[in-house]
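In my numbering, the protein residues as written are 3 to 78. Heads up: the structure comes next, in structure tokens.
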Amino acid sequence: MKIATLEELPVQWPEILRWVNAGEEVRITDRDRTVARVLPPLPATPDFVGRAEAIWGALPEGEPLSVLVQEGRGPK
């Protein structure tokens with residue numbers, strides 16, 4: 003975890019963003035007390051429904067979408 007002081011923040015902001023983009027958590031301190039944390043974004047959640055609809059369409063005929071997905075996974 004990286005640390006930046008409140009006073010350094012305006013000048014150091016581009017470097018802090020580089021740290022965060024690289025996956026680092028950055029603590030912002032004021033007089034040796036943490037006042038904020040800058041965190042990297044959470045990973046995007048996969049859009050399983052969107053992927054299934056792209057393959058089989060929004061309303062596939064016959065079996066429910068859950069059954070088609072299960073069949074697409076193959077044998078257990």
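Glycine included, each C-beta is placed from N, C-alpha and C at the ideal position.
- prompt: Just reading off the alpha helix (DSSP H) that E20 is part of, what are its end residues?
  reply: Note on residue identity: the sequence assigns Arg, not Glu, to residue 20. Run containing R20: L11 to N23, per the alpha helix (DSSP H) assignment.
task: Using three-state DSSP, classify R39 as helix, strand or coil.
output: strand
task: Kindly confirm or deny that the region 25-38 and the region 6-17 touch, where touching means at least three C-beta pairs closer than 8 Å.
output: yes
query: Roughly how many angstroms lie between the CA atoms of L61 and E73, to the nearest whole one?
result: 17 Å
query: What's the C-alpha gap between G25 and V51?
result: 28 Å
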